[in-house]
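Student: Have a look at the structure that comes next, please.
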Amino acid sequence: MTGLATADVGELLRLVPVQRAGLALLLAAVGLPIVGVVIVGLDIMPVRFAMMHVALLGIAVGLWTGLDPMLCALGACALAGTGVAPLARSPDGLSAAMSLLMSLAIAAALLVLSLSGVNAAGAFALLWGSILSVGEADLWVLGILAAVVPLLFRWRRRDVALLLYDRELAVAAGVRVNVLTPLLLVLVSVAVAGAIKLTGALLVDALTLLPALAARRLGTSLGSITAWAVGIGVVVNLSGFLLALWLDLPPGPVLVLTAGAVVLVVRLIPDRRIGSWRTSASVSLPSSH
Numbered sequence: 000m001t002g003l004a005t006a007d008v009g010e011l012l013r014l015v016p017v018q019r020a021g022l023a024l025l026l027a028a029v030g031l032p033i034v035g036v037v038i039v040g041l042d043i044m045p046v047r048f049a050m051m052h053v054a055l056l057g058i059a060v061g062l063w064t065g066l067d068p069m070l071c072a073l074g075a076c077a078l079a080g081t082g083v084a085p086l087a088r089s090p091d092g093l094s095a096a097m098s099l100l101m102s103l104a105i106a107a108a109l110l111v112l113s114l115s116g117v118n119a120a121g122a123f124a125l126l127w128g129s130i131l132s133v134g135e136a137d138l139w140v141l142g143i144l145a146a147v148v149p150l151l152f153r154w155r156r157r158d159v160a161l162l163l164y165d166r167e168l169a170v171a172a173g174v175r176v177n178v179l180t181p182l183l184l185v186l187v188s189v190a191v192a193g194a195i196k197l198t199g200a201l202l203v204d205a206l207t208l209l210p211a212l213a214a215r216r217l218g219t220s221l222g223s224i225t226a227w228a229v230g231i232g233v234v235v236n237l238s239g240f241l242l243a244l245w246l247d248l249p250p251g252p253v254l255v256l257t258a259g260a261v262v263l264v265v266r267l268i269p270d271r272r273i274g275s276w277r278t279s280a281s282v283s284l285p286s287s288h
């Protein structure tokens, strides 16, 4: 039975849609877990929920205008991420802004769907993910994220580390927080929208947050955490996808369960009492200024 299943997977891997899906997951494993490190470090968990609603608004506009719904979702998320960045400096931070954004986005999406006569079920269906329908545009988006996100972290590793450690400390150290924060928020927003096609909005954590959570347990610096996050992302994405093909199950839930299992296993590792990357970031401050 196992041999037959393995042979079936081999046949499936010869299909172009399956190959595109595998490539998409591989590209996603490079950029999206690093974005998860940003989400956890900045403590902006509500952002991903807000961007799911914004993505729905973009999808609704795309279906109404005849444009590519997922590209419209990406554009809407990018604009929303840019727009809410200044609110991060307010006393309430991003939490209040994200709550407002979620409410406005879902209301606007439902209004657009109502006015356009588009079937709402079709719009919501795009949020559940369809990994085998990944197209060239989706691969381009994931490929750009896979290139830009690691380069940004390598180029501004110290600045990002300081910002994720403490905003005020980053400002005192001369980090251009007002430029870096919006950039990171745009990357988070676009990454969430880009991952929706792969796992669906409700399961996007499998590609972003879960590898980052496991990596934070294993890494001792921002650089090592990002490396662990990417490595875990690659293993989870490819093994989860192959397991889903072998068992003939939806890839999204299998990816989440695989990533969740890795997080649980990592959590069982005894505490080695090592310094965190936050300490490393703060220690590096005097050497640069």
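When we follow numbering that gives the first Met the number 0, the leftmost residue of the sequence shown carries the number 0, and every step to the right adds one.
Where is the CB? At the ideal position from N, CA and C, for every residue including glycine.
What you are looking at is a predicted structure, and each value in this text was computed from that prediction instead of being measured.
#1: With DSSP as the reference, label G9 as helix, strand or coil.
#2: Return the residue from the list L256, A108 and G82 that minimises the CA-CA distance to A243.
#3: What is the C-beta distance between I43 and V148, in whole angstroms, given that I count them as a contact (C-beta under 8 Å)?
#4: Does the pairing of the segment 44-63 with the segment 189-199 give three or more beta-carbon distances under 8 Å?
#5: Between the Cα of G74 and those of T198, P269, P210 and A136, spot the shortest distance and give me the residue it belongs to.
#6: What does a CB cutoff of less than 8 Å around L235 pick up in its chain, not counting 5 residues either side in sequence?
#7: Rounded to a whole number of angstroms, what is the C-alpha to C-alpha distance between T180 and V15?
#8: Excluding the 5 residues flanking A145 on each side, which residues of the same chain have their C-beta closer than 6 Å to its C-beta?
#9: Note down, in chain order, each residue of its chain lying with its Cβ closer than 8 Å to the Cβ of L100, except the 5 sequence neighbours on either side.
#10: Who are the near neighbours of V140 in its chain, counting only those whose CB is closer than 7 Å to its CB and skipping five residues on each side?
#11: For the alpha helix (DSSP H) that S238 lies in, which residues bound it at each end?
#12: Under 8 Å between the Cβ atoms of V265 and L217?
#13: Classify G173 as buried or exposed, calling it buried when 16 or more other Cβ atoms lie within 10 Å of its own Cβ.
#14: How would you call R47, buried or exposed, if buried means at least 16 neighbouring beta carbons within 10 angstroms?
#15: Quick check on the burial criterion: 16 or more other C-beta atoms within 10 angstroms. Buried or exposed for W154?
#16: Given a cut-off of 8 Å on the beta-carbon distance, is the pair A169 and L162 in contact?
Tutor: Taking the geometry as given:
#1: helix
#2: Here the closest residue by C-alpha is L256.
#3: So it is not a contact: roughly 16 Å between Cβ atoms.
#4: yes
#5: Out of T198, P269, P210 and A136, A136 has the C-alpha closest to the C-alpha of G74.
#6: Before going further, note that residue 235 is Val rather than Leu in the sequence given. Closer than 8 Å at the Cβ level, and outside the excluded window around V235, lie A28, A205, L209, P210, L254, T257, A258 and V261.
#7: 39 Å
#8: L26, V29 and G30
#9: A49, H52, V53, A79 and V83
#10: L73 and G193
#11: Run containing S238: L221 to L246, per the alpha helix (DSSP H) assignment.
#12: yes
#13: exposed
#14: Classification for R47: buried.
#15: exposed
#16: In this structure, A169 places its C-beta atom within 8 Å of the C-beta atom of L162.
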